[in-house]
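Engineer:
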Amino acid sequence: MVEVAKPQRGRSRRRQLWLGAIVLLAVGIVFLLGKWKEASDRGGQLPREPFRIAGNLYYVGTRDVTSFLLTGPQGHVLIDGGYPGTAPMILKSIATLGFNIKDVKILLNSHAHLDHAGGLAALQQASGAQLWVSEADADIISSGGVSARNMAPVNGLVYLGIMRYPAPRIVHRFQDGAQISLGPIQLTAHVTAGHTPGCTTWAFPVRDGGRELLVVSVGSLSLPMPTSLFNWRYDATLRQELERSYATLRRLPADIYLSSHARPFSLKRKFEERATAPDPVAPFLDRAGYLEDIQKAEVAYHKALQEQQ
Numbered sequence: 333m334v335e336v337a338k339p340q341r342g343r344s345r346r347r348q349l350w351l352g353a354i355v356l357l358a359v360g361i362v363f364l365l366g367k368w369k370e371a372s373d374r375g376g377q378l379p380r381e382p383f384r385i386a387g388n389l390y391y392v393g394t395r396d397v398t399s400f401l402l403t404g405p406q407g408h409v410l411i412d413g414g415y416p417g418t419a420p421m422i423l424k425s426i427a428t429l430g431f432n433i434k435d436v437k438i439l440l441n442s443h444a445h446l447d448h449a450g451g452l453a454a455l456q457q458a459s460g461a462q463l464w465v466s467e468a469d470a471d472i473i474s475s476g477g478v479s480a481r482n483m484a485p486v487n488g489l490v491y492l493g494i495m496r497y498p499a500p501r502i503v504h505r506f507q508d509g510a511q512i513s514l515g516p517i518q519l520t521a522h523v524t525a526g527h528t529p530g531c532t533t534w535a536f537p538v539r540d541g542g543r544e545l546l547v548v549s550v551g552s553l554s555l556p557m558p559t560s561l562f563n564w565r566y567d568a569t570l571r572q573e574l575e576r577s578y579a580t581l582r583r584l585p586a587d588i589y590l591s592s593h594a595r596p597f598s599l600k601r602k603f604e605e606r607a608t609a610p611d612p613v614a615p616f617l618d619r620a621g622y623l624e625d626i627q628k629a630e631v632a633y634h635k636a637l638q639e640q641q
């Protein structure tokens, strides 16, 4: 009887191909994780020259992710911490302007995402400042970015070390309408939920010469991701939050419009214009741009709702 040889060579070849594919996949995952973690550290941000916007209000953020410093005789207030890797840039900007980080007594935040809360822990450690966070975003920040409402429906990335950040120590949790004061500095917290559950818009007056100007620093007008990977629709709670937030923002009589990112309020253009303007504050007086951006955000929201039908 003739025995037929088994196709061992073919099986061995397939096994080698599978092993090769697995190795390539593993190498790719490690490479991508490294790149993602690098992006999570500083997001490609570059330094931007710090400068005075108006009165006691200064810009100390990076090219696109903003941070603002309010100075006063009883201490300073710093709004937003940037990425984990951009905290040193913020510290350098504060020092370049001639201020001492140890004089920062209060840290505030626009919302709980990595690019605005990532550097809070380092800035808190450097300054010893008290951190105030909205109640609805506090658990996200205190956990270093872990929450079902933070980056849904891709929040699982945080368990790979992506989108995570060092957790700062929250000293005060506040609700919508909270008043925060430090000497003559007075800020009002408007919780404009949607982008995150506790996304906060900060409104505060600054005195520049003989005029008092209302500054409104918008938490974010960007639409949030849907709340579920399996249901790409905004649920009733999220719709109510967004619509309430648009109404709140429309009511604020902003003189100076700022935001958690530089591009929405055209920081680059305004910074360049201030160099030659007779009044360097004038380029930042932009109520029309503020209202226009709110309207654009509402249009985008209603378009998203139609697409989700």
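Quick note on numbering: the sequence shown equals residues 333 to 641 in my numbering. Ideal Cβ positions, reconstructed from N, Cα and C, are used throughout, including at glycine.
#1: Taking buried to mean at least 16 other C-beta atoms within 10 Å of its own C-beta, is K628 buried or exposed?
#2: When you compare only the Cα positions, how much space is there between I473 and I385?
#3: Is the beta carbon of H408 sitting closer than 8 Å to the one on F383?
#4: What separation, rounded to the nearest whole angstrom, lies between the Cα atoms of E605 and P615?
#5: In the DSSP assignment, what residue or residues form a beta bridge with I502?
#6: Quick check on the DSSP output: the alpha helix (DSSP H) that includes R426 runs from which residue to which?
#7: Using only the heavy atoms of the ligand ADP, determine whether one of them is closer than 7 Å to the beta carbon of S552.
#8: Does V436 come out as helix, strand or coil in the three-state DSSP assignment?
#9: Go ahead and pull the three-state DSSP assignment for V336.
#10: Please state whether the Cβ-Cβ distance between W464 and H504 is less than 8 Å.
#11: Can you name, in chain order, every residue of its own chain whose Cβ lies under 8 Å from the Cβ of Q462, other than the five neighbours on each side?
#12: What residues are listed by DSSP as bridge partners for T532?
#13: Do the stretch 412-425 and the stretch 577-590 meet, that is, are 3 or more Cβ pairs less than 8 Å apart?
#14: Using the beta-carbon count (16 or more within 10 Å), is I361 buried or exposed?
Structural biologist: The structure says:
#1: exposed
#2: 28 Å
#3: no
#4: 6 Å
#5: L463
#6: One point to set straight first is that residue 426 is Ile, not Arg, in the sequence displayed. First-last of the alpha helix (DSSP H) with I426: A419 to T428.
#7: The ligand ADP is not among the ligands present in this structure, which contains no ligands whatsoever.
#8: strand
#9: Because the pLDDT of V336 is 49, which lies under 50, any placement of that residue in the model is unreliable, and the question is left without a value.
#10: yes
#11: K437, I438, L439, V503 and H504
#12: V523
#13: no
#14: With a pLDDT of only 48 at I361, under the threshold of 50, the placement of this residue in the model should not be trusted; the figure read from the coordinates follows. Per the 10 Å Cβ criterion, exposed.
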